[in-house]
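Participant:
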Amino acid sequence: LVQSNGPQLGRIVDSRAVSELPLAARNFTQLLGLSTGTATALPDNGTIGRNTQNVSVNGARFTQNNFQINGIDANGIGGNGVRLADPAPETIAEFKVQTSLYDATFGRAGGGNIQIVTKSGTNNFHGALYEYFSNDALNANNPFLKAAGARRPVLKRNYFGGTVAGPVR
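Take any residue in the sequence shown, note its place counting from 1, add 86, and you have its number in the numbering used here.
1) Quick check on DSSP: helix, strand or coil for Ser206?
2) CA-CA distance, Lys232 and Arg238?
3) Can you pull the DSSP bridge partners for Glu176?
4) Between Gly157 and chain B, is the shortest Cβ-Cβ distance under 8 Å, so that the two count as touching?
5) Can you check whether the CB of Thr249 is closer than 8 Å to the CB of Thr191?
6) Roughly how many angstroms separate the alpha carbons of Gly252 and Ser105, rounded to a whole number?
7) Determine the DSSP secondary structure at Asn166, reduced to helix, strand or coil.
8) May I have the straight-line CA-CA distance separating Ala234 from Gly119, to the nearest angstrom?
9) Check whether the stretch 192-203 touches the stretch 140-154, taking contact to mean three or more Cβ pairs, one atom from each stretch, closer than 8 Å.
10) Kindly list the residues whose CB is nearer than 6 Å to the CB of Phe181, restricted to its own chain and excluding five residues on each side of it in sequence; keep chain order.
11) If we call anything under 8 Å between Cβ atoms a contact, is Asn140 one with Phe153?
12) For Pro108, is the classification buried or exposed, using 16 other Cβ atoms within 10 angstroms of its Cβ as the cut-off for buried?
13) Between which residues of its own chain and Tyr245 is the CB-CB distance below 6 Å, once the five residues before and five after are set aside?
14) Please identify the residue among Thr122, Val254 and Gly247 whose C-alpha is closest to the C-alpha of Ala174.
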């Protein structure tokens, strides 16, 4: 999309894209590689953890990125890598990945700038409960393991949670 109000390059990913695009481990960082100038490793659902993706922006190291959640610094102490509690995709209204020429007010990093905006409350109470189920019977075997004649690794994951929003009285 053409952006006429400044020279920065980036992309906004809204809550619809976050909820509709497949996320193997329910982690929004798996979508960072969709922006121009970014490179990530291929996520593997069989790995341990939440599959947080380290993104390299325009050839910079992943430690040179700046993360902000609702305008607050969310970087790790040892660097600018993803060392934060990843918000559930259901709580994200949008996130913006700026890859170059962004204003100095957005951070101190030479890599990318990732701004996450969470959903706000409303005048009515509403919420959602969810469970995402994944196991080895529903997933294909890794093609390299299959070629070597190795069995499919055991995978049993249940991601469950909920969101509640409403007015503060």
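Heads up, the beta-carbon is just placed ideally off N, CA and C, and yes, glycines get one too.
Facilitator: Quick answer:
1) Coil at Ser206, not helix or strand.
2) About 8 Å.
3) According to DSSP, which records beta bridges pairwise, Glu176 is partnered with nothing at all.
4) Here there is only one protein chain, and chain B is not present.
5) no
6) 21 Å
7) With a pLDDT of 49 at Asn166, under the threshold of 50, the predicted position of this residue should be treated as unreliable, and no value is reported.
8) 30 Å
9) yes
10) Val99 and Ile202
11) no
12) exposed
13) Apart from the 5 residues on each side of it in sequence, Tyr245 sits with its Cβ closer than 6 Å to the Cβ of Arg112 and Tyr218 in its chain, given in chain order.
14) Gly247
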